[in-house]
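Residue numbers (my numbering), protein chains in the order written: chain F, 1 to 112; chain P, 1 to 114.
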Amino acid sequence: QKEVEQDPGPLSVPEGAIVSLNCTYSNSAFQYFMWYRQYSRKGPELLMYTYSSGNKEDGRFTAQVDKSSKYISLFIRDSQPSDSATYLCAMSAKPGYSTLTFGKGTMLLVSP
Amino acid sequence: DTAVSQTPKYLVTQMGNDKSIKCEQNLGHDTMYWYKQDSKKFLKIMFSYNNKELIINETVPNRFSPKSPDKAHLNLHINSLELGDSAVYFCASSLGPTLQETQYFGPGTRLLVL
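What follows is the structure in structure tokens.
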């Protein structure tokens, strides 16, 4: 079993839909969680960073961590065609980038 | 102004050749990284430098050698290229090496080894 599992998609939704992107993980030591967005042929960019369990909201984006289920989610409200990208989850047991483990990414397609 | 730039954007070369990829950041950051994203899209850290000192050196063949001439530059030299080295290589930088400091990625260098 890989440390971080993520459905590669693609996930196709109409504009305005609420999108739910998810990752599961096996390492119970993970306590730092991040979501990146990667447009085609571009580098990843950080969207959300959370520590431990709970919710964090930033504009249309909400990150949710459920450590008891080893499950994290990214919700996108009022999705836009410009949200079409690959979303990578990443997580770490320690506060440094050396142990950051990425998921494979989920491709999201938002149609107008 | 591009924050993190890489050259070249594309690199096609034969097996056995030696090649270099350059990275420059104009953000004034102290920490720089090299990542490899393979054909299965897994992104994995290779190296990190903080203030020109190597702080992360993952299990990478010693054919790969990073060099940081100053804090704004981190180059990657690859000797004796192999087919399995084909991937997208991303450079990134951050103010410091901890997760609280946001990483900024370059556009990537697409390496194809024939």
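Note that CB positions come from ideal geometry on N, CA and C, so glycine has one too.
Bear in mind that the values here come from a model prediction, so they are computed numbers and not experimental data.
With 16 other Cβ atoms within 10 Å as the buried cut-off, status of residue i
i, result
"Asp38(P)", "exposed"
"Thr31(P)", "buried"
"Leu61(P)", "Correcting the residue type first, residue 61(P) is Pro in the shown sequence and not Leu. Label assigned to Pro61(P): exposed."
"Gln103(P)", "buried"
"Ile21(P)", "buried"
"Lys36(P)", "buried"
"Tyr49(P)", "buried"
"Met15(P)", "exposed"
"Gly106(P)", "buried"
"Ile45(P)", "buried"
"Ile18(F)", "exposed"
"Gly28(P)", "exposed"
"Glu24(P)", "buried"
"Asp85(P)", "buried"
"Ser40(F)", "exposed"
"Leu88(F)", "buried"
"Leu43(P)", "buried"
Chain F residues whose Cβ lies nearer than 8 Å to that of residue i
i, result
"Leu99(P)", "Tyr32, Met34, Tyr49, Ser92, Pro95, Gly96, Tyr97, Leu100"
"Leu74(P)", "Those within 8 Å of Leu74(P) in chain F number zero; the least Cβ separation is about 14 Å."
7 Å CB neighbourhood of residue i in its chain, flanking five on each side removed
i, result
"Lys67(P)", "Asn75, His77"
"Ser84(F)", "Leu108, Leu109, Val110"
"Thr24(F)", "Glu5, Lys70, Tyr71"
"Glu45(F)", "Tyr36, Arg37"
"Ser20(F)", "Ser73, Phe75"
"Ser65(P)", "His77"
"Arg77(F)", "Ile18, Arg60"
"Asp58(F)", "Met48"
Contacts that residue i makes with chain P (C-beta to C-beta distance below 8 Å)
i, result
"Glu45(F)", "Tyr104, Phe105"
Closer than 9 Å at the beta carbon, the chain P residues around residue i
i, result
"Lys42(F)", "Phe105, Pro107, Gly108"
Chain-order list of residues whose beta-carbon lies under 6 Å from that of residue i (same chain, five-residue window excluded)
i, result
"Thr86(F)", "Gln38, Gly105, Met107"
"Lys67(F)", "Ser53"
"Gly108(P)", "Val88, Phe90"
Where residue i meets chain P, residues with beta-carbon distance less than 7 Å
i, result
"Gly105(F)", "Lys41"
"Leu88(F)", "Leu43"
Close-in-space but distant-in-sequence residues of the same chain around residue i (CB under 8 Å, 5 per side omitted)
i, result
"Pro81(F)", "Glu15, Val110, Ser111, Pro112"
"Asp18(P)", "His77, Ile78, Asn79, Ser80, Leu81"
Give a yes or no on contact between the segment 92-101 of chain F and the segment 1-12 of chain P, applying the rule of three or more CB pairs nearer than 8 Å.
-> no
Three or more beta-carbon pairs under 8 Å between the segment 23-36 of chain F and the segment 84-95 of chain P, yes or no?
-> no
With 7 Å as the limit, tell me which residues of the segment 14-36 of chain P have their beta carbon closer than that to any beta carbon of chain F; keep them in chain order.
-> Tyr33
At a Cβ cut of 7 Å, what residues of the segment 47-66 of chain P count as close to chain F, listed as they run along the chain?
-> Ser48, Ile56
Inter-stretch contact at 8 Å, needing at least 3 Cβ pairs: the segment 9-19 of chain F / the segment 45-62 of chain P | no
Can we say the segment 39-54 of chain F touches the segment 91-108 of chain P, given the rule of at least three CB pairs closer than 8 Å?
-> yes
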